[in-house]
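Below: one structure, written as structure tokens.
There are 2 protein chains.
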Amino acid sequence: MSKTTISNSVIRRLPRYYRFLGDLEANGYVRISSRELAEKMGLTASQIRQDFNCFGEFGQQGYGYNVTELRGEIGKILGLDKCTPMILLGAGNLGRALAAHIDFDNRGFKLIGIFDVDPELVGRRVGELEVMSSSSIESFCHENHPIAAILCIPKDDAAKETERLINCGIKAFWNFTHYDLRLSYRGVLVENVHLGDSLTTLSYGLNTMDKK
Amino acid sequence: MSKTTISNSVIRRLPRYYRFLGDLEANGYVRISSRELAEKMGLTASQIRQDFNCFGEFGQQGYGYNVTELRGEIGKILGLDKCTPMILLGAGNLGRALAAHIDFDNRGFKLIGIFDVDPELVGRRVGELEVMSSSSIESFCHENHPIAAILCIPKDDAAKETERLINCGIKAFWNFTHYDLRLSYRGVLVENVHLGDSLTTLSYGLNTMDKK
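Heads up: the protein sequence lines correspond to chains A and B, in order. Counting along the first sequence from 1, when you hit position 159 you're at 1361 in the working numbering, and nothing is skipped either side. Counting along the second sequence from 1, when you hit position 89 you're at 1291 in the working numbering, and nothing is skipped either side.
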């Protein structure tokens, strides 16, 4: 099973399949056909079959999919059975909200440390963690070996802090800054969330709608 | 200039162009060639020219683009000269963080109301606004005519609240819930931000990286 040929759009659909299957499971579904799943998700049955075929054989022709098994398989592909240690840089409004809001455990991660430069935030409790001073990142990483980091820091600090984190062994970034990590570090794994761009896209949609 | 033929991926790139041009402007750039802009953004010059051609003629052959003019044109296409009234449903951690963190004014919107069902949150100040009870949404909308809404509410409440908002005249949703609005309301404008799916995608990347 070669993973190198799987398109980005298929990968982007996997978390959504996983979510939908979780809802179906919670609602007592045991089996589902690709046609029924397609209807519920607003996709076509052939797209679903094609997507799943990228990862091997999940269903049995004519019998549909076992919901729990399929969800488990997709979860494994997504690495949700893992528990990758992750740190958060930036305990401002957004950082604190993510720490409190996101269900890291069910997404393949464990949040083990939160850091900020602001002395007023250091020592503050966020969920089960206490915000630490950014100056202790190196010693913390040396002891605890986090692999992933969330960046919720100002754009101007992002270049310097990213380099520091990469030197500390961080391999994956969940990037909420507008700093374009990928342009500087092509080998590093980056998932960008540009909230501002997302809102701007909504503005574009409204603007276009007005002119129709 | 027909807008109907513009692909989604071009539209998705527009906010990024707008951001980069803002940085260039701040750094004193007056003109830039498509080649130079392409290098800075990790794109190709021909892609940039093709993208801009979707919206008409911006540059003059051989002279590059005037940075301020181009940024202004893209801003107008994105509707950033507008100030669409927007409300927020859900003043939990994430909702409050968005209200405090997002620069609505420069994204084409103005946040004019925040609502929550939780009596403990009602009356609490978030930035310049005070959280109002969800029961007053109808009267507020009747008076203030918001066009857009941010959904930061639990998934189970989303279907009911969405219908309510649509009845109140809301035409565009910035949706942070996992409720699939588009499946029920095909005519409504929706921009989804699935933070959990985004983190899951990062998990997939790490999981695939491990196996290489």
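Even glycine gets a Cβ: it sits at the ideal position worked out from N, Cα and C.
What residue range is occupied by the uninterrupted alpha helix (DSSP H) comprising A1293/B?
Position 91 of the second sequence, counted from the start, is the residue given in the question as residue 1293/B. Secondary structure note for A1293/B: it is in no alpha helix (DSSP H), with a DSSP letter that is neither H nor E.
With L1216/B as the anchor, note down where its alpha helix (DSSP H) starts and where it stops.
Residue 1216/B sits at position 14 when you count from the first residue of the second sequence. For L1216/B, the enclosing alpha helix (DSSP H) stretches over residues N1210 to A1228.
Residue-level contact to chain B via CB, L1411/A, 9 angstroms cutoff:
For this step, residue 1411/A is matched to residue 209 along the first sequence. The identity of residue 1411/A in the sequence shown is Met, whereas the question assumes Leu. By this cut-off, M1411/A is an interface position.
Is it buried or exposed, P1356/A, if we count other Cβ atoms within 10 angstroms and call 16 or more buried?
Position 154 of the first sequence, counting from 1, holds the residue named residue 1356/A. P1356/A comes out exposed.
For H1175/A, which of R1215/A, I1368/A and R1327/A has the nearest alpha-carbon?
Shown here, chain A extends from 1203 to 1414; a query on residue 1175/A therefore has no answer.
Just by C-beta distance, which residues in the region 1267-1300 of chain B are closer than 8 angstroms to chain A?
Of all residues in the region 1267-1300 of chain B, only I1279, L1280, G1281, L1282, K1284, T1286, G1294, N1295, L1296, R1298, A1299 and L1300 place a beta-carbon less than 8 angstroms from a beta-carbon of chain A.
So with CB distances below 8 angstroms, who are the chain B contacts of G1407/A?
Taking the first residue of the first sequence as position 1, residue 1407/A is located at position 205. Simply A1374, L1391 and E1393.
If you measure between the beta carbons of I1234/B and F1257/B, is that distance less than 9 angstroms?
Within the second sequence, residue 1234/B is the residue found at index 32, counting from 1. Within the second sequence, residue 1257/B is the residue found at index 55, counting from 1. No, the pair does not count as a contact, with Cβ atoms beyond the cut-off.
Per-residue DSSP class, three states only, for D1318/B:
Position 116 of the second sequence holds residue 1318/B. DSSP, reduced to helix, strand and coil, places D1318/B within a strand of the structure shown.
Does the beta carbon of G1230/A sit closer than 9 angstroms to a beta carbon anywhere in chain B?
Indexing the first sequence from 1 puts residue 1230/A at position 28. The Cβ of G1230/A sits no closer than 9 angstroms to any Cβ of chain B.
Can you tell me where the alpha helix (DSSP H) holding N1377/A begins and where it ends?
As a working mapping, residue 1377/A is identified with position 175 in the first sequence. Where N1377/A is concerned, there is no enclosing alpha helix (DSSP H), although the beta strand (DSSP E) it sits in stretches over A1374 to N1377.
So, T1270/B versus K1312/B, is the Cβ gap smaller than 9 angstroms?
For the purposes of this step, residue 1270/B is identified with residue 68 of the second sequence, where counting begins at 1. For the purposes of this step, residue 1312/B is identified with residue 110 of the second sequence, where counting begins at 1. Not closer than 9 angstroms, so no.
Looking at the structure shown, is L1408/A part of a helix, part of a strand, or coil, going by DSSP?
As a first step, residue 1408/A is located in the first sequence; it is residue number 206 there, counting from the start. In the structure shown, L1408/A sits in a helix (DSSP, three-state: H, G or I).
Please go through the same chain and pick out, in chain order, the residues whose beta-carbon is closer than 8 angstroms to the beta-carbon of Y1381/A, but skip the five residues on each side of it.
Here residue 1381/A refers to the residue found at position 179 of the first sequence. Excluding residues within five positions, the ones whose Cβ falls inside 8 angstroms are L1353, K1357, A1360, A1361 and T1364.
Could you tell me which chain A residues have their CB closer than 8 angstroms to the CB of V1350/B, listed as they occur along the chain?
Your numbering for residue 1350/B matches position 148 in the second sequence. Correcting the residue type first, residue 1350/B is Ala in the shown sequence and not Val. One finds L1404 and L1408 in chain A with Cβ atoms closer than 8 angstroms to the Cβ of A1350/B, taken in chain order.
Just checking, does the region 1314-1325 of chain A make contact with the region 1371-1386 of chain A on the three C-beta pairs under 8 angstroms criterion?
Segments in contact, no.
On a Cα-Cα basis, can you pick out the residue from I1279/A, I1213/A and G1244/A that is closest to F1260/A?
In the first sequence, counting from the first residue as 1, residue 1260/A sits at position 58. For the set I1279/A, I1213/A and G1244/A, the Cα lying nearest the Cα of F1260/A is the one of I1279/A.
With 16 as the cutoff for other CB atoms within 10 Å, does Y1220/B come out buried or exposed?
Indexing the second sequence from 1 puts residue 1220/B at position 18. Classification of Y1220/B: buried, given that the 10 Å Cβ count is 16 or more.
Cβ distance (whole Å) where V1392/A is taken to contact L1383/A below 8 angstroms
Translated into the one-based positions of the first sequence, residue 1392/A becomes position 190. Translated into the one-based positions of the first sequence, residue 1383/A becomes position 181. Between L1383/A and V1392/A the Cβ distance is about 5 angstroms, and since that is below 8 angstroms, they are a contact.
Counting only Cβ pairs nearer than 9 angstroms, list the residues of chain B close to D1307/A.
Within the first sequence, numbered from 1, the residue matching residue 1307/A stands at position 105. Within chain B, not a single residue places a beta-carbon under 9 angstroms from that of D1307/A; the smallest gap is close to 11 angstroms.
What is the rounded straight-line gap between the Cα of A1240/B and the Cα of I1208/B?
By one-based count along the second sequence, residue 1240/B stands at place 38. By one-based count along the second sequence, residue 1208/B stands at place 6. One C-alpha to the other measures close to 20 angstroms.
Cα-Cα separation, I1314/A to G1407/B
For the purposes of this step, residue 1314/A is taken as residue 112 along the first sequence, with counting starting at 1. For the purposes of this step, residue 1407/B is taken as residue 205 along the second sequence, with counting starting at 1. Cα to Cα, the separation comes out at about 20 angstroms.
Just checking: is the beta-carbon of Y1220/B within a distance shorter than 9 angstroms of some beta-carbon in chain A?
Along the second sequence, read from residue 1 onward, the residue named residue 1220/B stands at position 18. Under the Cβ distance rule, Y1220/B counts among the residues neighbouring chain A, one pair being separated by less than 9 angstroms.
Reference T1379/B; option with closest CA among S1405/A, H1303/A and N1377/A
One-based indexing of the second sequence puts residue 1379/B at position 177. When each option's Cα is compared against that of T1379/B, the closest is H1303/A.
Are G1310/A and D1283/A closer than 9 angstroms when you measure CB to CB?
Here residue 1310/A corresponds to residue number 108 of the first sequence, with the count starting at 1. Here residue 1283/A corresponds to residue number 81 of the first sequence, with the count starting at 1. The answer is yes: Cβ separation under 9 angstroms.
From what residue to what residue does the beta strand (DSSP E) around E1393/A run?
Along the first sequence, read from residue 1 onward, the residue named residue 1393/A stands at position 191. From DSSP, the beta strand (DSSP E) with E1393/A extends over L1391 to N1394.
Environment of H1344/B [buried if 16+ CB atoms lie within 10 Å]
On the second sequence, residue 1344/B is found 142 positions in, with the first residue counted as 1. Classified as exposed, H1344/B has fewer than 16 neighbouring CB atoms from the shown chains inside 10 Å of its CB.
For a cutoff of 9 angstroms on Cβ pairs, would you count R1384/A as touching chain B?
Start at 1 with the first residue of the first sequence, and residue 1384/A comes out as number 182. Interface with chain B (9 angstroms Cβ-Cβ cutoff): R1384/A is included.
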